[in-house]
Amino acid sequence: MLAVIVIHKDHQYEFNILKVVSIVPLLIFLLAILGIGLGLIIACLTVRYKDLNFVIVFLLQLTMYTTTVIFPLNAAPSEMKAFIQANPITPIIEIFRFALFSTGDPNFGTLIYSLLIGILIFSTGFVAFNRVEKTFVDSM
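In terms of our numbering, the sequence shown opens at residue 13 and continues consecutively.
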């Protein structure tokens, strides 16, 4: 957090520490739910299908270009916006960008979409992991 404050001070960004402190922990929590859920699902699949590791590495690289990590959402082509907005990580990154750099036009309603998808992915991963956990050793 200190690094973010120093960078903002050096680059003269408009910086509101209250906005960052109030929003960023929620965003980190949402990312954690999505990450843990996807991790559980991927763990279940890669134990059974060993070559899936190569596909997952490729898909993760491809996913970086379908989120707004590299570019803001308003810079995306209009034909692709619906596809990009379907990714549950896109609203999280857009609100990170708004909280840290005061850029963009965040839609906080899309966080509900991200939360629901995150809960669904986490629940699916948790159930799948608990079912497959008993046979992990047999699959290795």
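Note that CB positions come from ideal geometry on N, CA and C, so glycine has one too. Just so it is clear, the structure is predicted and the values come from calculations on it, not from any experiment.
Under 8 Å between C-beta atoms of residue i and residue j
i	j	result
I45	G130	yes
L85	I96	yes
L128	P103	no
T79	I105	yes
V32	A111	yes
Residue i, DSSP secondary structure in three states
i	result
A140	helix
Own chain residues within Cβ distance below 8 Å of residue i, not counting five before or after
i	result
A140	L52, I53, C56
I82	M76
I154	Summary: the structure shown does not reach residue 154, with the chain confined to residues 13 through 152, and so no result is reported for it.
L43	I101, I104
T115	P84, R109
Residues of its chain near residue i, where Cβ-Cβ distance is below 6 Å and the 5 sequence neighbours each way are ignored
i	result
R143	none
Contacts around residue i, its chain only, beta-carbon distance under 7 Å, and the 5 residues preceding and following it disregarded
i	result
S64	It should be pointed out that residue 64 corresponds to Leu in this sequence rather than to Ser. For L64, where only same-chain residues beyond five positions count, the Cβ hits under 7 Å are L57, T58.
Decide if the segment 128 to 147 is in contact with the segment 46 to 56; the criterion is three or more beta carbon pairs, one per stretch, under 8 Å apart.
-> yes
Counting only runs of 4+ residues fully inside the segment 41 to 129, write out the alpha helix (DSSP H) ranges in chain order.
-> 64 to 78, 93 to 97, 101 to 113
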